[in-house]
Amino acid sequence: MSAAATAMRALQLVGSFVLTALETTGRLVLFAGAAISHCFRPPFYWRSFGRQLIDIGYYSLPVVGLTAIFTGMVLALQSYTGFARFSAESAIATVVVVSITRELGPVLAGLMVAGRIGAAMAAEIGTMRVTEQLDALTTLATNPMKYLVAPRLVAGVLMLPLLVLIADVIGVFGGYLVAVYKLGFNPATYLQNTFDALKMEDVVSGLVKAGAFGFIITLMGCYNGYTSRGGAQGVGAATTNAVVSASILILSFDYILTELFFAR
Amino acid sequence: MKDTASPKICIRGLCKAFGSKRVLDGLDLDVGTGESLVVIGGSGTGKSVLLKCVLGLLRADAGSITVDGEEVLGATVDRREAINRKFGMLFQGSALFDSLTVWENVAFGLLAGKGMERKRARQAALDKLAQVGLGPDVAMLSPSELSGGMQKRVALARAIAADPEIIFFDEPTTGLDPIMADVINNLIIQTTREVGASALSITHDMSSARKIAHRIAMLYQGKIIWAGPVGEIDNSQDDRVDQFIHGRAEGPIHMAVRA
Chain A
2 MSAAATAMRA LQLVGSFVLT ALETTGRLVL FAGAAISHCF RPPFYWRSFG RQLIDIGYYS
62 LPVVGLTAIF TGMVLALQSY TGFARFSAES AIATVVVVSI TRELGPVLAG LMVAGRIGAA
122 MAAEIGTMRV TEQLDALTTL ATNPMKYLVA PRLVAGVLML PLLVLIADVI GVFGGYLVAV
182 YKLGFNPATY LQNTFDALKM EDVVSGLVKA GAFGFIITLM GCYNGYTSRG GAQGVGAATT
242 NAVVSASILI LSFDYILTEL FFAR
Chain B
7 MKDTASPKIC IRGLCKAFGS KRVLDGLDLD VGTGESLVVI GGSGTGKSVL LKCVLGLLRA
67 DAGSITVDGE EVLGATVDRR EAINRKFGML FQGSALFDSL TVWENVAFGL LAGKGMERKR
127 ARQAALDKLA QVGLGPDVAM LSPSELSGGM QKRVALARAI AADPEIIFFD EPTTGLDPIM
187 ADVINNLIIQ TTREVGASAL SITHDMSSAR KIAHRIAMLY QGKIIWAGPV GEIDNSQDDR
247 VDQFIHGRAE GPIHMAVRA
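Rendered as structure tokens:
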């Protein structure tokens, strides 16, 4: 094969990739627009919404709580190792509370919920697609976007901030446990340092991020499930895509939102 | 009972293609009020596509479908939902919602579609289950706890729960043993008569077609090649119809077989 033909082939592959990416993005944006519009138009399926609140919020608490407490504990331990070299151990409380509320709380909770909820949503809706349950909804005069997607989207946006708020408290408590019971810090001083370092904008920025991550997780779960094709293999692929795409988007949007909140 | 003079469903020049493959190619078909029409045809001839176009699950490329004189192709989403309230549908694989109990499945159209209160909807669901020969003991079970025949009955109860004007049956007896298939055929006849609905069924099970149909139409290469009363199908004078109803491998219809 000549060099020109090889270059042409490479160009063709790049072009095909770009076109596919643009097409998928367009479909996703249209899907998101339709889903958002259904969140504000009746009828509202309160029972389905309540079930999603429990699924996303209540049942994700253990995994998010465990992630948060160990993250706080490790953060305190690692910070101590580093800061002890400069006799700056008193900064540990500040590092823990700022890191948890600004970044680690929302990002780690988002990633854990993406693995738990995003995958489950893609698998459930994907299975409904391949077993004609979505078609059955339509024939029963029920819009699947309104019945399945809208409640999940709203529940995700509401529950993630709540989970992150709890994760923030648990994560800071994890840091406190290690600092006080392992590293020998004075409890009152550690707590005082924590409250001194805590700023409202740190917590609020984390909660706004959490709301955005909740939207991303539920959107990617629903979109991949809704558009899945081809039986069990298609549902498996949809589940994988939901988790991978949500995780990448969470990390990308984390940077974008951090720029918006804190870039000077 | 049946009235073919003013068709409940009127299909004209319906076309649907997937890529270069034309599945429906100018199909014309009428379903009269109170009439049970069965569309027969080989696998992959477009029977399910025809049904999905009428139900709005697939968008037809061209043609016209009217329900009670109202054009449904190109109808708005809200209008489409209103039209779908006239329909009941029995899916080939039952398509029961596995996250809901049996009674919630049957009452789904009443709860989500019509906003009926749960207590009344539950009673209505129990009545419909009784109509298809299922007792209240199955009402709280999950669909996965039922046999294939029972799932079909639950799906039939769901299809008739909202007393639809038109019921669609997609391969209603596929995958069932002959006795259960006959039970389902009897239930289809009984329930459609009780509701007074028109019925459009698709099947390649000839014994089922002969039993539930007033009229039979045969779909081949995207068109209806023969349609007439069920009693006349044995004298259709069409070799393709004869080959199909007698299940012969030899004849004018050649199935694509890969070695």
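Line order of the protein sequences matches chains A and B. Under my numbering, the first residue of the first sequence carries the number 2, and numbering increases by one thereafter. Under my numbering, the first residue of the second sequence carries the number 7, and numbering increases by one thereafter. Cβ atoms here follow ideal geometry from the backbone N, Cα and C, with glycine treated the same way.
As a quick exercise: from the options, pick the residue whose alpha carbon is nearest that of residue i.
i      : options                        : result
B:I71  : B:L64, B:R65, B:L79            : B:L79
B:C59  : B:I172, B:L20, B:S105, B:M224  : B:L20
A:F84  : A:G231, A:R28, A:L184, A:L31   : A:L184
B:R128 : B:P170, B:F114, B:G69, B:S100  : B:F114
A:T240 : A:M122, A:E104, A:A35          : A:M122
B:I17  : B:L30, B:V189, B:R254, B:M146  : B:L30
A:L178 : A:Y224, A:G73, A:V64           : A:G73
B:M191 : B:V201, B:D169, B:K158, B:K134 : Position check: residue 191 of chain B holds Asn in this sequence, whereas Met was assumed. The candidate whose alpha carbon is nearest that of B:N191 is B:K158.
What span of residues does the alpha helix (DSSP H) with residue i cover, start to end?
i      : result
A:P162 : 151 to 178
A:V201 : What sits at residue 201 of chain A in the sequence shown is Met, not Val. Run containing A:M201: 201 to 227, per the alpha helix (DSSP H) assignment.
A:A36  : 4 to 40
A:Y191 : 188 to 198
A:S248 : 232 to 263
A:A124 : 120 to 131
A:L76  : 62 to 84
B:A161 : 154 to 166
A:V97  : 93 to 100
B:S277 : Outside the displayed span of chain B (7 to 265) sits residue 277 of chain B, for which this structure offers no information.
A:S49  : 47 to 54
B:F4   : This structure does not reach residue 4 of chain B, given that chain B is present from 7 up to 265, and the question cannot be answered.
B:A187 : 184 to 201
A:V108 : 106 to 114
Taking C-beta pairs closer than 9 Å, name the residues in chain A that residue i reaches, listed in chain order.
i     : result
B:L61 : D136, T139, T140
B:E87 : T139, A142, T143, N144
Using a cut-off of 7 Å between C-beta atoms, extract the partners of residue i located in chain B.
i      : result
A:T143 : A118, G119
A:T132 : G99, A101
A:Y148 : A118
So the beta strand (DSSP E) residue i belongs to, where does it begin and stop?
i      : result
B:A233 : 229 to 235
B:V108 : It is not in any beta strand (DSSP E) - B:V108 instead sits in the alpha helix (DSSP H) that spans 108 to 112.
B:M95  : 93 to 96
B:K58  : Where B:K58 is concerned, there is no enclosing beta strand (DSSP E), although the alpha helix (DSSP H) it sits in stretches over 53 to 61.
B:V29  : 27 to 39
B:M224 : 221 to 226
B:G69  : 68 to 73
B:V45  : 42 to 46
Mind checking if residue i is an interface residue toward chain A, Cβ cutoff 9 Å exclusive?
i      : result
B:D9   : Note that B:D9 scores 49 on pLDDT, short of 50, meaning its location in the model is unreliable; the coordinates nonetheless yield the value given after this. B:D9 does not count as touching chain A.
B:E177 : no
B:V247 : no
B:R254 : no
B:G94  : yes
B:G52  : no
B:R164 : yes
B:E151 : no
B:S105 : yes
B:F174 : yes
B:V83  : yes
B:A215 : no
B:A205 : no
B:A168 : yes
B:R264 : Reliability of the predicted coordinates at B:R264 is poor, the pLDDT of 48 falling under 50, and the value obtained from them is presented with this limitation in mind. So no, B:R264 is outside the interface.
B:K14  : no
B:K58  : yes
Taking 9 Å as the threshold (beta carbon to beta carbon), is residue i in contact with chain B?
i      : result
A:A5   : no
A:E24  : no
A:P152 : no
A:E90  : no
A:E125 : yes
A:Y46  : yes
A:M201 : no
A:M122 : no
A:T128 : yes
List, in order along the chain, the chain A residues whose C-beta lies closer than 8 Å to that of residue i?
i      : result
B:R3   : As shown, chain B starts at 7 and ends at 265. That puts residue 3 of chain B outside it, with no answer to give.
B:G155 : Chain A residues near B:G155: none, gap ~18 Å exceeds 8 Å.
Just the chain A side, please: which residues come within less than 7 Å of residue i by C-beta, in chain order?
i      : result
B:F114 : L141
Counting contacts by CB-CB distance shorter than 9 Å, is residue i in contact with chain D?
i      : result
A:V170 : In the structure shown, chain D cannot be found, because the protein chains are A and B.
Can you find a heavy atom of the ligand SAH that lies under 8 Å from the Cβ of residue i?
i      : result
B:Q157 : Among the components of this structure there are no ligands whatsoever, and the ligand SAH is therefore not found.
**Message:** With three or more C-beta pairs closer than 8 Å as the rule, is the stretch 239 to 248 of chain A touching the stretch 159 to 177 of chain B?
**Reply:** Taking 8 Å as the limit for Cβ pairs, the verdict is that the stretch 239 to 248 of chain A does not touch the stretch 159 to 177 of chain B.
**Prompt:** Just checking, does the stretch 91 to 110 of chain A make contact with the stretch 194 to 208 of chain A on the three C-beta pairs under 8 Å criterion?
**Reply:** Contact between the stretch 91 to 110 of chain A and the stretch 194 to 208 of chain A is present, because at least three Cβ pairs lie under 8 Å.
**Message:** Does the contact criterion of 3 or more C-beta pairs under 8 Å hold for the stretch 138 to 153 of chain A versus the stretch 41 to 55 of chain A?
**Reply:** Judged by Cβ distances under 8 Å, the stretch 138 to 153 of chain A makes contact with the stretch 41 to 55 of chain A, as three or more pairs qualify.
**Asked** Quick one: any contact between the stretch 205 to 221 of chain A and the stretch 105 to 120 of chain A, if contact means 3 or more CB pairs under 8 Å?
**Response** Contact between the stretch 205 to 221 of chain A and the stretch 105 to 120 of chain A is present, because at least three Cβ pairs lie under 8 Å.
**Item:** Cβ pair count under 8 Å reaching 3, the stretch 184 to 199 of chain B against the stretch 211 to 220 of chain B
**Value:** The answer is yes - the stretch 211 to 220 of chain B touches the stretch 184 to 199 of chain B, with three or more Cβ pairs under 8 Å.
**Prompt:** Three or more C-beta pairs closer than 8 Å, one from the stretch 126 to 135 of chain A and one from the stretch 17 to 24 of chain A: is that the case here?
**Reply:** No: fewer than three Cβ pairs fall under 8 Å.
**Asked** Below 8 Å, can you find three or more Cβ-Cβ pairs linking the stretch 99 to 107 of chain B to the stretch 160 to 168 of chain B?
**Response** For the pair of segments examined, the stretch 99 to 107 of chain B was found to touch the stretch 160 to 168 of chain B: the number of CB pairs separated by less than 8 Å reaches three.
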